Amino acid sequence: MSFRHAHILTRFWIRYTFDKLQPTRPTSRPTQGTIVAVHVAVLKPVPLKLILDGRKIIESRLTRQSRPPFGRIKPGERIYIKQSGGLFAAVAVAHRVWMADDLTPADVDQIAKTHNRHICGPPDYWHEKRTNSRYATLIWLRDVQPTTQHPRYRPQNMRAWYTLDDAADPIAASLTAARNRSWQTPITPGCLTQGYLKLTACLDRFPADSLGGPSNARATRRLKLHLAQGPTIETDIVRSARIFRWRGWKPWLKQHRLRPGDAVRFTPIAKHAYRVEPVKRR
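Mapping of the sequence shown onto our numbering: position 179 corresponds to residue 179, and the numbering continues sequentially without gaps.
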């Protein structure tokens, strides 16, 4: 997005794109405080439902004063979403963040014109924001999931956003506990050229009812593998070869630039389901 005030040195503009902070110009005004990893967003029922339905993928915060999430959020941080006057209903991850201050009504009009397809703001929302907004934060959401989990925090009247220390994140805590139960299998040259994963050292970590025979006719109960930044696949294991029956690993291994000596980590998330992540050798 381009506004005229992006080129005026007396105004402040910062933009986060994915995992890099890219200031459009030097500024002596830093983001407010230490960037932390977990947030609570309070939404009215309609926009909350639109997020869960996948129609609203940008959360917008336009305010008269500088207040969170302005200057307090970056891509990759988790957002727990609570219904106003109700319960927590969703969690998402900030995929991209854009911020600007010293807005004019024309700037707000441009935000609406460019992004309302994904913000889903009704006309009265934009009419109100046009007349009293000086600060803008747009947050592109990914990995939206329904949940009743939430961090502990102290609600305050009329506050619609809370920025908390990452130690308050219940999902991060559960992932850390799960990772302590995980295991790895090494990458060999054959894995990269033939597109398989060898499970010699960890075969006994998988359920016995998912160890099948050599032919497809003797396949058994399938495991569900959630590949990091990739698809979710279902496959059993060929016991005699000690490999997954599914042989489509090559593109995923290439995507993560894995080499011999690197590894793949399996973290159980249910009896027959695993999160699969690349592990680079340092």
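Glycine included, every Cβ here is placed at the ideal spot set by N, Cα and C. On a predicted model such as this, the values are computed, not experimentally measured, just so you know.
Exposure of residue i, with buried meaning 16 or more beta-carbon neighbours within 10 Å
i, result
"Val276", "buried"
"Thr24", "For Thr24, the pLDDT reaches just 30, beneath the cut-off of 50, and the residue's location in the model is therefore unreliable, leaving the point undetermined."
"Lys113", "exposed"
"His127", "exposed"
"Thr163", "buried"
"Pro69", "buried"
"Arg61", "buried"
"Pro105", "exposed"
"Gly212", "buried"
"Ser328", "Because the chain spans 1 through 282 in this model, residue 328 falls outside it and cannot be assessed."
"Arg245", "buried"
"Glu59", "buried"
"Thr63", "buried"
"Lys280", "exposed"
"Ala168", "buried"
"Asp204", "exposed"
"Pro278", "buried"
"Ala228", "exposed"
"Ala92", "buried"
"Asp107", "buried"
Pairwise C-alpha distance: residue j and residue i
i, j, result
"Gly195", "Ala208", "23 Å"
"Thr31", "Gly71", "Only weak support is given to the placement of Thr31: the predicted model assigns it a pLDDT of 38, under 50, and the value that follows is read from those uncertain coordinates. Thr31 and Gly71: Cα-Cα distance of roughly 4 Å."
"Glu77", "Ser240", "43 Å"
"Ser66", "Phe206", "51 Å"
"Thr200", "Arg282", "23 Å"
"Ala136", "Ala100", "5 Å"
"Gly248", "Gly190", "13 Å"
"Lys224", "Lys74", "31 Å"
"Lys56", "His95", "14 Å"
"Trp183", "Thr267", "7 Å"
"Ile269", "Leu192", "26 Å"
"Pro26", "Pro155", "With a pLDDT of 26 at Pro26, under the threshold of 50, the modelled position of this residue cannot be trusted; read the value that follows with caution. About 36 Å."
"Ser215", "Glu234", "16 Å"
"Pro260", "Asp166", "34 Å"
"Trp140", "Ile111", "14 Å"
"Arg134", "Leu52", "29 Å"
"Arg152", "Ile79", "13 Å"
"Gln138", "Asp109", "It should be noted that the sequence gives Leu, not Gln, for residue 138. Each residue's Cα considered, the two are about 14 Å apart."
"Gly230", "Ile187", "18 Å"
"Ala37", "Pro170", "12 Å"
"Thr131", "Asp102", "13 Å"
6 Å Cβ shell around residue i - same chain, five flanking residues per side excluded
i, result
"Ala160", "Val42"
"Ala217", "none"
"Leu258", "Ile187, Pro278"
Same chain only: Cβ atoms within 7 Å of residue i, ignoring 5 sequence neighbours per side
i, result
"Leu87", "Thr148"
"Leu197", "Thr185, Cys191, Ile243, Phe244, Trp249, Val264"
"His115", "Ile58, Leu138"
"Pro146", "Leu52, Ala89, Ala90"
Contacting residues, own chain, Cβ-Cβ under 8 Å from residue i (five flanking each side not counted)
i, result
"Gly54", "Val144"
"Tyr274", "Leu223, Lys224, Leu225, His226, Phe266, Thr267, Pro268"
"Lys82", "Val40, Ala41, Val42, Leu43, Phe88, Ala89, His150"
"His272", "Pro207, Ser210, Arg221, Arg222, Leu223, Lys224"
"Ala219", "Gly212, Gly213, Asp236, Arg245"
"Thr34", "Since pLDDT at Thr34 reaches only 40, below the 50 mark, its modelled position is unreliable, and the value read off the structure follows with that caveat. Around Thr34: no qualifying Cβ."
"Cys202", "Trp183, Gln184, Thr185, Phe266"
Any non-hydrogen atom of the ligand COA within 7 Å of residue i CB
i, result
"Trp161", "Absence of the ligand COA is noted for the structure shown, with no ligands found whatsoever."
Check your understanding: What are the start and end residues of each continuous alpha helix (DSSP H) run of 4 or more residues lying completely inside the stretch 40-117, in chain order?
Key -> 45-52
**Study point:** the stretch 47-65 contacting the stretch 121-135, beta-carbon criterion three pairs below 8 Å
**Key:** yes
Point to revise | Every unbroken alpha helix (DSSP H) inside the stretch 248-274 [4 residues or more] | key: 249-255
Review point. What are the uninterrupted segments assigned as beta strand (DSSP E) that are 3 or more residues long and contained completely in the stretch 200-232, given in chain order?
Key: 223-227
Practice item. Note down, one range per segment and in chain order, each beta strand (DSSP E) of at least 3 residues found wholly within the stretch 130-159. Key: 135-146
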